[in-house]
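For the record, the sequence lines run as chains A and B. Quick note, the first sequence lines up with residues 1 to 329 if you use this note's numbering. Quick note, the second sequence lines up with residues 1 to 312 if you use this note's numbering. Ideal placement from N, C-alpha and C gives every residue a C-beta, glycine not left out. What follows is one structure encoded as structure tokens, with my remarks underneath.
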Amino acid sequence: MNLWLLAGRRLLRDWVGVASAVVVLSFIALAGASALGWIARDWSEEVAVSYAAPSFLAREVREVEREAASSVPQDDYGIADPLAAELAEIRSRLTDGAVAGAKASVLAFGADKWGRDVLKKAIKGTQTSLLVGFAAAGLATLLGTLFGALAGYYGRWVDDFFNWLYSVFTSIPYLLLVLAVAAVLGQKGILTVVLILGLTGWTGIFRLVRAEYLKHRVREYVLAADAVGASDLRRMFAHILPNVSHVVLVQLSLHVVLFIKSEVILSFLGFGVGVDTVSWGSMLAEAPSELILGMWWQIAAATSAMALAVTAFSLFTDAARDALDPRLQ
Amino acid sequence: MSSYLIRRLWQFIPTLLGVVLLVFFLFNWVGGDPAYLLAGKIASPELIENIRRSLGVDQPYWVQLGIFVKQVATADFGVSWSTNERVSQIFATRLGPSLTVLVPLLFASTILALAAAMLVAYYRGSLTDRGIMVACTVGQSVSILVYILLLQYWLAYQLGWFPVQGWGSTLGENLLGYAALPILVGVIVSLAPDIRLYRTFFLDEIGQDYVRTARAKGLGESRVIWLHVLRNAAIPITTNVMMQIPGLLAGAFLIERFFSIPGIGREVILAVERSDFPVIKAVTVYVAITTMVVNLLADLTYRALDPRVQLK
């Protein structure tokens, strides 16, 4: 355990590592709070009017509205409308009493087409993205580590078999493979996305873990374990695995980023999460029609949440790699 | 050399067989019965039986596998399930638009990334280097979707410099008009990862002994960089660029979709949306073959560029 303590101390000395770790942890806390229903539970409620503006833009919007309101009673010929007062009263009763009482016209970060809070959607999307990223990366790492350990440790025909599997999977470009699996599974949902990404994304981890096992299986400590009668499984997972776990951890972190990005693309194309959940990708999918109308806050919220999370995660991965393997520098 | 070539070509067979098995497993076993997909909402048992017979899915699995292997061997994947167009015809007509975008994109992004990577590698550790590296990290963390959306909205819709989407009938019209913005977007998107990668290639070379020797014997900096370092770094870069080609062929599908370019990538997305299995199967197998061939060519190029490399 001393090694981990040393790595942790090295990580704490690196201010980029610490800062990115803080951001990553707060994203995880945000996703956790949202999963437990503490925040953003009512993201799907239509709390505001359609495309309600963010409150920092609200002053301009209100001025525009006032202008529009003052221009209503004026008719085209310059003659005062005798029914203007009554009409205005009816209008105000219609809007104020029924709708505006229930729905806000401005929100902190604006609303989407159905009047749902963009901030809450972004928080809920964080939960979806992190869940998919971690679960898929966990599955891919599990498969890659297991295959790599078997291939590297046993060698010979086991190695040949997994190398063949590797060459088959890598001869199909990653995104094409993902789309083909998505076409076959044909149903949406978080579990489907995790399966698609996890079952196709293990190849890179396999390659590295296999190389590590090839290196480690002839080291003295493994031979010593063999001499005292440790079984194959014990040598593979109790002796060698802790010594290659830093490689596995860095790869896990790298793949979280990769899968978060892939999930966004899948959900954008409509092959990802279903309509009952929200992800950054499905938020972006609403953006093209909104941009043309000048409603930029949803794409801004999704993009900045994703950029912040992914940047922090990438920087944290770099810092963790440096801390775990100081020889690399 | 020729024995190496024969052995590599011989190794294609198990890999290709694996790809065929994987695709068959996915589409004929996991994918379920396609007859229900094809028959539509009001399906009579007779209609489903007919479709099953015409597709051959009422046969046992080994017969179906035989049919699929024959399809791969004769490069005849039948007709698309949704448009009844021949799959080979789809490929013949969609390859041109894809290449019109991809070839200039590959050249432009490689040259720009090389220049930028050379700059940051030369001034490594400086503020310029760190600034560009941070910009690359942040730039890579924004989804490619956002780049396409915003650039299309800003440059095409608002400023009107480019057509928003569409495709013409002549090569000149496409290259100068419709393909220009897609190429620009593609270059911007691929710049950040390429710069990061090429920078490490250059840094590997700049630290070598021959660079110190060249400087010690009094060569000018520009000569050291352009003649010695670039030529050596060109070896991994060339193979890397070649390896990108198969992924680009299918990977530019987002760009093709946004800009309505009738290429292979957009065809893949349409096929996935319509559960058009013959098209996806054909694309997967063809692109896998392309990948294998390109990987072999990349290794041969590596050998040709670097005589120190021994091919085993």
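Reducing DSSP to helix, strand and coil, say where Asp276/B ends up.
Here residue 276/B is taken as the residue at index 276 of the second sequence, counted from 1. Asp276/B: coil per DSSP, three-state reduction.
Starting from Ile13/B and walking both ways along the alpha helix (DSSP H), at which residues does that stretch end?
Taking the first residue of the second sequence as 1, we reach residue 13/B at position 13. Note, Ile13/B: alpha helix (DSSP H), 2 to 24.
Continuous alpha helix (DSSP H) stretch holding Thr83/B: start and end
By 1-based counting over the second sequence, the position of residue 83/B is 83. First-last for Thr83/B: undefined, no H or E at that position.
Measuring only between beta-carbons, confirm whether Val158/A sits less than 7 Å from chain B.
Along the first sequence, one-based indexing puts residue 158/A at 158. Contacts with chain B at 7 Å (Cβ-Cβ) do not include Val158/A.
Between the stretch 193 to 203 of chain B and the stretch 236 to 256 of chain B, can you find at least three pairs of beta-carbon atoms closer than 8 Å?
Contact between the stretch 236 to 256 of chain B and the stretch 193 to 203 of chain B is present, because at least three Cβ pairs lie under 8 Å.
Inter-residue Cα distance where the pair is Thr110/B and Leu208/A:
For the purposes of this step, residue 110/B is identified with residue 110 of the second sequence, where counting begins at 1. For the purposes of this step, residue 208/A is identified with residue 208 of the first sequence, where counting begins at 1. Pairing Thr110/B with Leu208/A, the inter-Cα distance amounts to about 28 Å.
What number of angstroms, rounded off, separates the C-alpha of Leu47/B from the C-alpha of Glu273/B?
Reading the second sequence from its first residue, position 47 is the one you call residue 47/B. Reading the second sequence from its first residue, position 273 is the one you call residue 273/B. Straight-line Cα distance between these residues: approximately 23 Å.
Mark Ile6/B as exposed unless 16 or more other C-beta atoms lie within 10 angstroms of its C-beta, in which case mark it buried.
Residue 6/B sits at position 6 when you count from the first residue of the second sequence. By the neighbour-count rule (16 or more Cβ atoms within 10 Å), Ile6/B is not buried but exposed.
Take Arg94/B and list the residues in its own chain whose beta-carbon comes closer than 7 Å to its own, dropping the five residues that flank it on each side.
As a first step, residue 94/B must be located in the second sequence, where it is residue number 94. Hits under 7 Å: Pro262, Gly263, Ile264, Glu267.
Helix, strand or coil for Pro54/A? Go by DSSP, reduced to three states.
As a working note, residue 54/A is residue 54 in the first sequence. Of the three classes helix, strand and coil, the one that applies to Pro54/A here is strand, per DSSP.
Can you tell me where the alpha helix (DSSP H) with Tyr221/A in it begins and where it stops?
Stepping through the first sequence from its first residue, residue 221/A is reached at position 221. In the DSSP assignment, Tyr221/A falls within the alpha helix (DSSP H) that extends over 220 to 227.
Excluding the five sequence neighbours on either side, which residues of its own chain have a C-beta within less than 6 Å of the C-beta of Val23/A, listed in chain order?
For the purposes of this step, residue 23/A is identified with residue 23 of the first sequence, where counting begins at 1. For Val23/A, where only same-chain residues beyond five positions count, the Cβ hits under 6 Å are Ala312.
Is there a Cβ of chain B sitting closer than 7 Å to that of Val278/A, yes or no?
In the first sequence, the residue the question calls residue 278/A occupies position 278. Taking CB atoms only, Val278/A has no neighbour in chain B less than 7 Å away.
Run through chain A and tell me which residues come within less than 9 Å of Phe27/B, C-beta to C-beta.
For this step, residue 27/B is matched to residue 27 along the second sequence. Listed by position along chain A, the residues whose Cβ is nearer than 9 Å to that of Phe27/B are Ala180, Ala183, Val184.
Neighbouring residues, chain B, relative to Ala261/A (Cβ below 7 Å):
Within the first sequence, numbered from 1, the residue matching residue 261/A stands at position 261. Residue 261/A is actually Lys in this sequence, not Ala. Ser143, listed in chain order.
Against chain B, does Leu199/A count as a neighbour if the rule is that its beta carbon must be under 7 Å from one of theirs?
By 1-based counting over the first sequence, the position of residue 199/A is 199. False, the Cβ-Cβ gap to chain B never drops below 7 Å.
Closer than 7 Å by C-beta to Phe24/B: which residues in its own chain qualify, once you throw out the five before and the five after it? Chain order, please.
Taking the first residue of the second sequence as 1, we reach residue 24/B at position 24. So the list reads Leu65, Phe68, once near-sequence residues are dropped.
Beta-carbon proximity list for Glu49/B, same chain, < 6 Å, skipping 5 on both sides:
Here residue 49/B is taken as the residue at index 49 of the second sequence, counted from 1. Within the same chain, and ignoring the five residues on either side of Glu49/B in sequence, no residue has its Cβ closer than 6 Å to its Cβ.
On the DSSP bridge list, what partners appear for Ala111/A?
As a working mapping, residue 111/A is identified with position 111 in the first sequence. Ala111/A pairs with Asp117/A.
On the three-pair Cβ rule with 8 Å, is the stretch 224 to 231 of chain A touching the stretch 115 to 131 of chain A?
Taking 8 Å as the limit for Cβ pairs, the verdict is that the stretch 115 to 131 of chain A does not touch the stretch 224 to 231 of chain A.
Residue-chain proximity (Leu149/B, chain A), Cβ-Cβ < 7 Å:
Residue 149/B sits at position 149 when you count from the first residue of the second sequence. Leu149/B counts as touching chain A.
Report yes or no: do three or more beta-carbon pairs, one from the stretch 174 to 184 of chain A and one from the stretch 276 to 287 of chain B, lie closer than 8 Å?
Under the 8 Å Cβ criterion, the stretch 174 to 184 of chain A counts as touching the stretch 276 to 287 of chain B, having at least three qualifying pairs.
Express the C-alpha separation of Thr15/B and Leu119/B in angstroms, rounding to a whole number.
For the purposes of this step, residue 119/B is taken as the residue at position 119 of the second sequence. For the purposes of this step, residue 15/B is taken as the residue at position 15 of the second sequence. Separation of Leu119/B and Thr15/B (C-alpha to C-alpha, rounded to the nearest whole angstrom) is 41 Å.
Looking at chain A, is there any beta carbon in it that lies within less than 7 Å of the beta carbon of Met243/B?
Here residue 243/B refers to the residue found at position 243 of the second sequence. The C-beta of Met243/B comes no closer than 7 Å to any C-beta of chain A.
Other residues of its chain near Ser282/A: CB distance less than 6 Å, five sequence neighbours each side excluded
As a working note, residue 282/A is residue 282 in the first sequence. Beyond the five residues adjoining it in sequence on each side, Ser282/A comes within less than 6 Å, by CB distance, of Ser267 in the same chain, given in chain order.
At a Cβ threshold of 7 Å, is Ser20/A touching chain B?
For the purposes of this step, residue 20/A is taken as the residue at position 20 of the first sequence. Chain B, which has no Cβ nearer than 7 Å to the Cβ of Ser20/A, makes this no.
Quick check: what's the CA-CA separation for Trp4/A versus Tyr221/A?
Taking the first residue of the first sequence as position 1, residue 4/A is located at position 4. Taking the first residue of the first sequence as position 1, residue 221/A is located at position 221. Going from the Cα of Trp4/A to the Cα of Tyr221/A covers about 19 Å.
Leu142/A: which of Leu252/A, Leu165/A, Met236/A, Gly152/A sits nearest, CA to CA?
By 1-based counting over the first sequence, the position of residue 142/A is 142. If we check each option's Cα against that of Leu142/A, Leu252/A comes out closest.
Could you compute how far the alpha carbon of Leu191/A sits from the alpha carbon of Val30/B?
For the purposes of this step, residue 191/A is identified with residue 191 of the first sequence, where counting begins at 1. For the purposes of this step, residue 30/B is identified with residue 30 of the second sequence, where counting begins at 1. The straight-line gap from Cα to Cα measures roughly 16 Å.
Distance, Cα to Cα, Leu22/B vs Trp164/A?
Position 22 of the second sequence, counted from the first residue, corresponds to residue 22/B. Position 164 of the first sequence, counted from the first residue, corresponds to residue 164/A. Linking Leu22/B to Trp164/A through their CA atoms gives a straight-line distance of about 12 Å.
Give, in chain order, every residue of the stretch 288 to 309 of chain B whose Cβ lies closer than 7 Å to some Cβ of chain A.
Result list: Ala288, Thr291, Met292.
Contact set between Gly18/B and chain A, taken where Cβ atoms lie within less than 9 Å:
Counted from its first residue, the second sequence places residue 18/B at position 18. Residues of chain A whose Cβ lies closer than 9 Å to the Cβ of Gly18/B are, in chain order, Trp164, Leu165, Ser167, Val168, Phe169, Ser171.
Beta carbon of Trp202/A, beta carbon of Ala136/A: below 7 Å?
Walking along the first sequence from the start, residue 202/A turns up at place 202. Walking along the first sequence from the start, residue 136/A turns up at place 136. Trp202/A is not a Cβ neighbour of Ala136/A, given a cutoff of 7 Å.
Rounded straight-line distance, which links the Cα of Val158/A to that of Lys70/B
Within the second sequence, the letter at position 70 stands for residue 70/B. Within the first sequence, the letter at position 158 stands for residue 158/A. Lys70/B and Val158/A: Cα-Cα distance of roughly 30 Å.
Residue(s) in a DSSP beta bridge with Val72/B:
Position 72 of the second sequence, counting from 1, holds the residue named residue 72/B. The partner list for Val72/B (beta bridge, DSSP) is empty, contrary to what the question assumes.
What does Val79/B pair with, by DSSP beta-bridge criteria?
Taking the second sequence and counting its residues from 1, one reaches residue 79/B at position 79. Val79/B pairs with Arg86/B.
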